[in-house]
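Colleague: Sharing a structure below in structure tokens format, with a few things to ask.
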Amino acid sequence: MEELVKILAEALVDNPEEVQVLRRDEEDKAIIELRVAPEDMGKVIGKQGRIARAIRTVVRAAATHENKKVIIDIID
């Protein structure tokens, strides 16, 4: 899951070397934290959050076989 988020984020930003992805597993959910350079934050979020919502949708679809809820946190 983390690799998918990293690939998607690196394709969107101008500074792919600054993309960091960290996964934390809790009881019934996985929390994936995405960090990008401050100037790339808008590119990852998109207008009205559309790109962030699309990333979350793709990751949730990929996570269906793990039977866990996946939460994507975009951290500034």
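Numbering (our numbering), first residue to last: 13 to 88. All residues carry an ideal CB built from backbone N, CA and C; glycine is no exception.
#1: Are there 16 or more other CB atoms within 10 angstroms of the CB of L20, so buried, or fewer, so exposed?
#2: State yes or no: is the C-beta of I86 within less than 8 Å of the C-beta of A64?
#3: Just to check my reading of the structure: L16 and V71 have Cβ atoms closer than 8 Å, yes? What is that Cβ distance to the nearest angstrom?
#4: Sorted by chain position, which residues of the same chain lie with C-beta nearer than 8 Å to I57's C-beta, five sequence neighbours on each side aside?
#5: Suppose the cutoff is 6 Å on Cβ atoms and the five residues either side in sequence are ignored; what does the same chain contact list for I43 look like?
Modeller: In terms of the structure at hand:
#1: Residue mapping note: residue 20 aligns to position 8 of the sequence shown, counting from 1. Buried: at least 16 other Cβ atoms inside 10 Å.
#2: Along the sequence shown, read from residue 1 onward, the residue named residue 86 stands at position 74. Along the sequence shown, read from residue 1 onward, the residue named residue 64 stands at position 52. Yes.
#3: Position 4 of the sequence shown, counted from the start, is the residue given in the question as residue 16. Position 59 of the sequence shown, counted from the start, is the residue given in the question as residue 71. Approximately 6 Å separates the beta-carbon atoms of L16 and V71; this is inside 8 Å, confirming the contact.
#4: The residue given as residue 57 occupies position 45 in the sequence shown. Closer than 8 Å at Cβ, skipping near neighbours: I63, A64 and I86.
#5: What you label residue 43 is simply residue 31 of the sequence shown in a count that begins at 1. Cβ neighbours of I43 beyond the five flanking positions: R36 and I83.
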